[in-house]
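Protein chains: 2
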Amino acid sequence: MKVTINDVAKLAGVSMKTVSRVINKEPSVRKKTYDIVMDAVNTLNYQPNLAARNLAGTSSFTVGLVYDNPNAYYVIDMQNGVLSRCKEEGYELVIHPCNYLDSNMEDDFKTMIKRSRLAGLVLTPPLSEQSSIIDMLDEMGIHYVRVLSGRPTDEEQDTCIFVNDYEAAYEITSHLLSLGHTHIGFLCGDKEHKSTTERLEGYQAALKDHNIALNDELIYEGQYSFESGVEGAKALLGTDNPLQITALLGGNDEMAAGALFASRLMGIEIPEQLSITGFEDSPFSRQTWPKLTTAHQANDVISQHAARLLFRKTRGARNQDKEIITTFTPSLVVRESSGPKT
Amino acid sequence: MKVTINDVAKLAGVSMKTVSRVINKEPSVRKKTYDIVMDAVNTLNYQPNLAARNLAGTSSFTVGLVYDNPNAYYVIDMQNGVLSRCKEEGYELVIHPCNYLDSNMEDDFKTMIKRSRLAGLVLTPPLSEQSSIIDMLDEMGIHYVRVLSGRPTDEEQDTCIFVNDYEAAYEITSHLLSLGHTHIGFLCGDKEHKSTTERLEGYQAALKDHNIALNDELIYEGQYSFESGVEGAKALLGTDNPLQITALLGGNDEMAAGALFASRLMGIEIPEQLSITGFEDSPFSRQTWPKLTTAHQANDVISQHAARLLFRKTRGARNQDKEIITTFTPSLVVRESSGPKT
DNA sequence: TAGGACATTGACAGCGTTGTCATTTTAACT
DNA sequence: AGTTAAAATGACAACGCTGTCAATGTCCTA
Numbered sequence: 001m002k003v004t005i006n007d008v009a010k011l012a013g014v015s016m017k018t019v020s021r022v023i024n025k026e027p028s029v030r031k032k033t034y035d036i037v038m039d040a041v042n043t044l045n046y047q048p049n050l051a052a053r054n055l056a057g058t059s060s061f062t063v064g065l066v067y068d069n070p071n072a073y074y075v076i077d078m079q080n081g082v083l084s085r086c087k088e089e090g091y092e093l094v095i096h097p098c099n100y101l102d103s104n105m106e107d108d109f110k111t112m113i114k115r116s117r118l119a120g121l122v123l124t125p126p127l128s129e130q131s132s133i134i135d136m137l138d139e140m141g142i143h144y145v146r147v148l149s150g151r152p153t154d155e156e157q158d159t160c161i162f163v164n165d166y167e168a169a170y171e172i173t174s175h176l177l178s179l180g181h182t183h184i185g186f187l188c189g190d191k192e193h194k195s196t197t198e199r200l201e202g203y204q205a206a207l208k209d210h211n212i213a214l215n216d217e218l219i220y221e222g223q224y225s226f227e228s229g230v231e232g233a234k235a236l237l238g239t240d241n242p243l244q245i246t247a248l249l250g251g252n253d254e255m256a257a258g259a260l261f262a263s264r265l266m267g268i269e270i271p272e273q274l275s276i277t278g279f280e281d282s283p284f285s286r287q288t289w290p291k292l293t294t295a296h297q298a299n300d301v302i303s304q305h306a307a308r309l310l311f312r313k314t315r316g317a318r319n320q321d322k323e324i325i326t327t328f329t330p331s332l333v334v335r336e337s338s339g340p341k342t
Numbered sequence: 001m002k003v004t005i006n007d008v009a010k011l012a013g014v015s016m017k018t019v020s021r022v023i024n025k026e027p028s029v030r031k032k033t034y035d036i037v038m039d040a041v042n043t044l045n046y047q048p049n050l051a052a053r054n055l056a057g058t059s060s061f062t063v064g065l066v067y068d069n070p071n072a073y074y075v076i077d078m079q080n081g082v083l084s085r086c087k088e089e090g091y092e093l094v095i096h097p098c099n100y101l102d103s104n105m106e107d108d109f110k111t112m113i114k115r116s117r118l119a120g121l122v123l124t125p126p127l128s129e130q131s132s133i134i135d136m137l138d139e140m141g142i143h144y145v146r147v148l149s150g151r152p153t154d155e156e157q158d159t160c161i162f163v164n165d166y167e168a169a170y171e172i173t174s175h176l177l178s179l180g181h182t183h184i185g186f187l188c189g190d191k192e193h194k195s196t197t198e199r200l201e202g203y204q205a206a207l208k209d210h211n212i213a214l215n216d217e218l219i220y221e222g223q224y225s226f227e228s229g230v231e232g233a234k235a236l237l238g239t240d241n242p243l244q245i246t247a248l249l250g251g252n253d254e255m256a257a258g259a260l261f262a263s264r265l266m267g268i269e270i271p272e273q274l275s276i277t278g279f280e281d282s283p284f285s286r287q288t289w290p291k292l293t294t295a296h297q298a299n300d301v302i303s304q305h306a307a308r309l310l311f312r313k314t315r316g317a318r319n320q321d322k323e324i325i326t327t328f329t330p331s332l333v334v335r336e337s338s339g340p341k342t
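For the protein sequence lines, the chains are H and V, in the order given.
With the working numbering, letter number 236 in the first sequence gets 236, and the count goes up by one each step, no holes.
With the working numbering, letter number 19 in the second sequence gets 19, and the count goes up by one each step, no holes.
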């Protein structure tokens with residue numbers, strides 16, 4: 001019933017170790033031998049046992065995905081991306097949701113790592129920004145790849161995948177500017193998140209480049225949540241829109257949806273009286289009325305490349321085949337929630 | 001650096017095997033010995049190696065979560081629930097998204113199972129309904145727990161967790177009836193899904209109990225998607241609402257959101273001219289305008305109990321401590337999208 | 001106080017791989 | 001053909017734990 005490496009070896013007429021070499025794609029196996037072994041593998045439908053590999057080998061075949069992001073769409077996308085690479089490479093994925101409010105998160109982390117020795121970790125924001133975590137991992141000698149909001153720096157090229165929120169925010173803001181808006185509010189997330197400051201700076205840079213004076217009163221700091229989007233829109237627009245805002249940049253789709261919701265309550269027509277934009281292009285940016293103009297962030301692709309980067313580090317030169325993109329810029333998607341200033 | 005069972009044994013002054021007994025909570029370890037060993041475990045901060053346990057033991061410490069549900073919120077909830085139990089019991093979770101359109105899904109499945117011998121699987125709908133899969137698992141002798149839409153039957157009590165959609169749909173429909181609605185449309189999912197027929201039957205039963213004649217024209221079959229919700233609402237309400245519909249039951253929150261969207265397009269006021277209800281209470285049922293009346297489905301709790309049920313089967317009598325609920329009925333949550341008939 | 005029954009513990013092999021190092025085969029030279 | 005270096009393969013221990021079964025300890029009974 002259960003097929004082991006020995007069965008394959010016997011059928012192929014080689015030693016166990018040679019089969020091991022073949023399935024690990026080690027060099028220094030003769031082509032002919034390789035083919036014979038692969039034939040045996042296929043006829044027996046052999047699947048190497050992960051537990052044994054993890055136990056015996058120096059490197060492991062499980063990678064961890066660590067996240068601390070309340071957004072389900074985001075997590076699923078990241079998960080699927082990493083998973084698709086894992087499947088290809090024969091790795092297994094264990095997921096590890098975290099709560100950064102949780103004080104014993106680091107212990108939790110260590111436990112997980114001890115339990116199943118890991119090939120490496122993929123860290124998603126905002127967790128990937130926490131230096132205490134990174135330091136701990138460095139200290140423990142654990143491989144990792146961080147998905148980060150930011151503009152690439154030479155230094156961290158090989159452990160980071162950057163999402164250029166700055167650029168994307170610049171683009172969205174430019175879009176609104178080109179529609180004639182000049183009084184543009186910003187519903188940002190909390191400033192501890194790198195993405196918040198990046199998006200904010202992109203927004204400000206675009207305004208500057210169009211010679212529009214910055215005004216801090218136009219910025220509302222929320223928590224990337226629907227509720228804080230509602231609050232933010234109410235706060236900025238007030239009862240009679242004293243700041244004469246005609247466009248609102250949501251820090252993410254959820255906040256934009258909140259702003260949409262608030263606008264309804266206040267009887268403001270979108271986009272006629274107010275343009276609203278999102279960020280991330282999560283599915284529900286298409287499920288609002290009107291549909292959200294937003295910046296599409298290809299999370300599944302991003303996480304695939306994160307996984308690739310991790311595997312490259314883990315398995316050394318063995319699979320350098322595919323190119324790895326380390327910087328992604330979300331791209332503008334224009335829908336119905338933004339329109340010309342009237 | 002790495003602490004093994006031997007280190008613990010040495011420190012505690014017992015044999016390796018006794019430590020093993022302690023960490024596996026086997027009976028027949030003297031209380032005193034137990035305490036000594038646990039002390040050693042704690043001072044060394046010992047974490048048993050999962051790979052070794054899986055390799056050496058007859059039972060495994062990894063469980064699989066298999067899903068084929070496009071709804072991110074649902075998946076995350078299920079995942080978190082199962083994960084929380086796993087953490088407690090020292091298990092590890094590997095996730096396995098499927099695509100039931102994919103023809104070689106079953107092979108995929110087998111590969112996964114061979115790779116890492118599993119303690120068992122948690123199957124979520126609609127995958128849990130597919131008898132071909134169940135048969136395969138039975139044949140392979142794999143433990144599993146199915147989360148299913150349905151009313152409990154005695155027979156499958158020990159491998160199934162039921163979500164009583166029938167009852168919930170009955171309740172939602174009754175809610176609408178009590179508001180005075182008599183012409184109630186139903187935007188259901190595709191009929192291959194068990195949940196669709198369950199919800200449909202609940203809806204019909206409620207109508208019957210109120211002596212309202214059933215009318216198939218009031219039922220639109222979609223795919224549980226936002227888009228099909230839009231289409232369904234358009235189809236049922238037509239240009240001049242020939243069926244005189246004053247309330248619309250969404251098969252799930254997404255379809256309800258779609259109906260909301262369509263209503264906006266058609267200039268129908270919610271809930272003044274039309275009541276709309278959802279199903280599942282996913283986060284975005286609170287992020288629509290108006291917020292959706294829906295049936296709350298506690299997916300995280302459901303999946304926790306699914307995991308418990310699995311562990312009970314896996315580990316035999318070792319942890320019978322907590323009671324397991326095997327039937328859950330989503331409960332009505334009244335929000336702003338439903339109102340009295342005017 | 002001896003004998004037996006049962007509870008508790010330990011010694012050791014084995015799970016299915018990979019790492020190390022020794023051995024054989026091949027290729028590349030004189 | 002003979003030598004040598006390099007490439008290809010194999011033998012065997014080890015990874016950290018659990019299962020088996022034998023050994024010891026404890027408590028009871030007569």
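For each residue, glycine too, the CB sits at the ideal point set by N, CA and C.
Worksheet item: What beta strand (DSSP E) runs, 3 residues minimum, are completely inside the stretch 199-268 of chain H?
Response: Runs found: 219-221 and 247-250.
Practice prompt. Out of 333(V), 46(V) and 203(V), state which residue places its alpha-carbon closest to the alpha-carbon of residue 20(V).
Written response: It is 46(V) whose Cα lies nearest to the Cα of residue 20(V).
Worksheet entry | Residue nearest to residue 135(V) in terms of C-alpha spacing, selected from 110(V), 228(V) and 311(V) | Distances from the CA of residue 135(V) to each of 110(V), 228(V) and 311(V) were compared; the closest alpha carbon is that of 110(V).
Worksheet item: CB-CB under 6 Å to residue 12(H), same chain, minus the five flanking residues each way: which ones, in chain order?
Response: The answer, listed in chain order, is 36, 37 and 40.
Worksheet item: Does the beta carbon of residue 307(V) sit closer than 8 Å to a beta carbon anywhere in chain H?
Response: Closer than 8 Å: no.
Worksheet item: Are the beta-carbon atoms of residue 220(H) and residue 207(H) separated by less than 8 Å?
Response: Their beta carbons are not under 8 Å apart, which means residue 220(H) does not touch residue 207(H) by this criterion.
Item to complete: Tell me whether residue 301(V) is buried or exposed, calling it buried when 16 or more other Cβ atoms sit within 10 Å of its Cβ.
Response: Flag for residue 301(V) reads exposed.
Worksheet item: How big is the Cα-Cα spacing for residue 243(V) and residue 226(V)?
Response: Spanning the two alpha carbons is a distance of roughly 23 Å.
Worksheet item: Which stretch, first to last residue, makes up the beta strand (DSSP E) that contains residue 92(H)?
Response: Looking at the DSSP string, the run of the beta strand (DSSP E) that includes residue 92(H) is 92-97.
Fill in: residue 113(V), DSSP secondary structure in three states
Helix at residue 113(V).
Discussion item. Just to confirm before moving on: does the CB-CB distance between residue 256(H) and residue 292(H) stay below 8 Å?
Written reply: Taking 8 Å as the Cβ cut-off, residue 256(H) and residue 292(H) qualify as a contacting pair.
Discussion item. If we define contact as Cβ-Cβ less than 8 Å, is residue 97(H) a contact residue for chain V?
Written reply: So yes, residue 97(H) belongs to the interface.
Discussion item. Given a cut-off of 8 Å on the beta-carbon distance, is the pair residue 65(H) and residue 96(H) in contact?
Written reply: In this structure, residue 65(H) sits near residue 96(H), with a CB-CB distance shorter than 8 Å.
Worksheet item: Can you name the residues of chain H whose CB is closer than 7 Å to the CB of residue 114(V)?
Response: Those within 7 Å of residue 114(V) in chain H are 47.
Item to complete: Could you tell me the boundaries of the alpha helix (DSSP H) in which residue 44(H) lies?
Response: Note, residue 44(H): alpha helix (DSSP H), 31-44.
Discussion item. Assuming contact is defined by CB atoms lying nearer than 8 Å, are residue 126(V) and residue 193(V) in contact in what I supplied?
Written reply: Cβ atoms of residue 126(V) and residue 193(V): closer than 8 Å.
Worksheet item: When you compare only the Cα positions, how much space is there between residue 123(V) and residue 32(V)?
Response: In this model, residue 123(V) and residue 32(V) are separated by some 42 Å (Cα to Cα).
Worksheet item: Interface residues of chain H around residue 199(V) at Cβ under 9 Å?
Response: Within chain H, not a single residue places a beta-carbon under 9 Å from that of residue 199(V); the smallest gap is close to 21 Å.
Discussion item. Give me the chain H residues within the contact set of residue 80(V), using Cβ-Cβ distance strictly less than 9 Å, ordered along the chain.
Written reply: Correct list: 97.
Practice prompt. Would you verify that the beta carbon of residue 336(H) is, or is not, closer than 8 Å to some beta carbon of chain V?
Written response: No, because no Cβ of chain V sits closer than 8 Å to the Cβ of residue 336(H).
Discussion item. In the DSSP output, what is residue 86(H) paired with across the bridge?
Written reply: BP columns for residue 86(H) are empty, so no partner.
Practice prompt. List the residues of chain H whose Cβ lies closer than 7 Å to the Cβ of residue 75(V), in chain order.
Written response: Correct list: 76.
Practice prompt. Determine, using beta carbons only, whether residue 355(V) and residue 329(V) come nearer to each other than 8 Å.
Written response: Nothing can be reported for residue 355(V), as the shown portion of chain V is limited to 1 through 342.
Practice prompt. Assign residue 58(H) to buried or exposed, taking buried as 16 or more other Cβ atoms, counted over all protein chains shown, within 10 Å of its Cβ.
Written response: Exposed, because fewer than 16 other Cβ atoms sit within 10 Å of the Cβ of residue 58(H).
Discussion item. Does any residue of chain H have a CB that is nearer than 8 Å to the CB of residue 257(V)?
Written reply: Taking Cβ atoms only, chain H reaches closer than 8 Å to residue 257(V), which makes this a yes.
Worksheet item: Going by beta carbon distance, what residues of the same chain come within less than 8 Å of residue 245(H), once the five residues before and after it are set aside?
Response: So the qualifying residues of the chain are 183, 184, 185, 218, 236, 237 and 274.
Worksheet item: Considering only C-alpha positions, which residue in the set 147(H), 24(H), 203(H) and 6(H) is nearest to residue 216(H)?
Response: Looking at 147(H), 24(H), 203(H) and 6(H), the one whose alpha-carbon comes closest to that of residue 216(H) is 203(H).
Practice prompt. Establish whether the CB of residue 111(V) and some CB of chain H are separated by less than 8 Å.
Written response: Chain H, which has a Cβ nearer than 8 Å to the Cβ of residue 111(V), makes this yes.
Fill in: residue 229(H) beta carbon less than 8 Å from that of residue 269(H)
No, the Cβ-Cβ distance between residue 269(H) and residue 229(H) is not below 8 Å.
Worksheet item: How many Å lie between residue 60(H) and residue 63(V) at the Cα?
Response: When only Cα atoms are considered, residue 60(H) and residue 63(V) end up about 19 Å apart.
Practice prompt. For residue 317(H), name the three-state secondary structure that DSSP assigns.
Written response: The pLDDT assigned to residue 317(H) is 46, lower than 50, so where the model puts this residue is not dependable, and the model offers no usable value.
Worksheet entry | For residue 311(V), the nearest candidate out of 133(V), 158(V), 249(V) and 129(V) (CA to CA) | Residue 158(V) is the option with its Cα nearest to residue 311(V).
Discussion item. Whole angstroms are fine: how far does the CA of residue 3(H) sit from the CA of residue 44(H)?
Written reply: Rounded to whole angstroms, the gap between the alpha carbons of residue 44(H) and residue 3(H) is 7 Å.
Discussion item. I need the DSSP call for residue 20(H), collapsed to helix, strand or coil.
Written reply: In the structure shown, residue 20(H) sits in a helix (DSSP, three-state: H, G or I).
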